Amino acid sequence: MHEKTWLTYVEAAAEVGLTVEGLRQRARREHWRKMLGNDGKALIMLPDDIDRLPPGEAIGKQEGEPSKATRLPPASPPGNEEALTTLVASLQDRVAELREDLERERTMANAEIARERERAEKAIAWERAERAKEREQAERTATELSEIAKALANAMESGAARERELIEKLAEARKAGRGWWPWRRAG
343 MHEKTWLTYV EAAAEVGLTV EGLRQRARRE HWRKMLGNDG KALIMLPDDI
393 DRLPPGEAIG KQEGEPSKAT RLPPASPPGN EEALTTLVAS LQDRVAELRE
443 DLERERTMAN AEIARERERA EKAIAWERAE RAKEREQAER TATELSEIAK
493 ALANAMESGA ARERELIEKL AEARKAGRGW WPWRRAG
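Be aware that the sequence shown starts at 343, since it is given in the working numbering, and climbs by one per residue.
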């Protein structure tokens, strides 16, 4: 059992028998108490039960609780080649299954990508057709407005010509000498 003292990572690694980085990772994983010393170095407090806990097991874990990490089976003793052959065969079978799953997922993903691409191409074609219709409508409207503007200009021109003609006739009528009050004659 360890004393309840604060140790640097180097001291703690030497005491536990791990590398400094391995101890640092384990301390982070298992949430060991940590503080900064006066010299600026990180200090950690080793838990009481560090000797009986295998690396990676969290403090306070219930027995029988499934481990979250997949662990490799323990190494078999030398001379147990049949077990190793069986293990290798089962691992190769599992690799083959995973490859099949991967290939199936890739096929499904590629099919989905193809469907999405087709939908996108159809949507783009529809949008282009709509834009072409709108452009054609805008051109027709511009042509109609141009024709209306020309007709309006012609009407204004003919109206101005008619106005000038009427003004000239009025001026001629005034010159003709007939007064404004022809029935009132001086007399």
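Glycine residues also receive a C-beta, built at the ideal position from the N, C-alpha and C atoms.
It should be emphasised that the depicted structure is a prediction, and the values quoted were computed from it without experimental measurement.
Cβ-Cβ distance between residue i and residue j below 7 Å
i: Leu365; j: Ala356; result: no
i: Leu388; j: Met377; result: no
Residues bridged to residue i [DSSP beta-bridge criterion]
i: Thr361; result: DSSP, once it has assigned bridges, lists no residue as partnering Thr361.
i: Leu349; result: Ile386
i: Leu378; result: Ala384
Whole-angstrom C-beta distance between residue j and residue i, which should lie under 8 Å
i: Val358; j: Ile392; result: 6 Å
i: Arg368; j: Leu360; result: 7 Å
Close beta carbons around residue i, own chain, < 8 Å, minus the five adjacent residues each side
i: Val362; result: Tyr351, Val352, Ala355
i: Arg473; result: none
i: Glu510; result: none
Cutoff 7 Å; reference residue i; Cβ partners in own chain excluding five residues on either side
i: Ser409; result: Note on Ser409: pLDDT 43, under 50, position unreliable in the model; the coordinate value appears next. Contacts found: none.
i: Arg457; result: none
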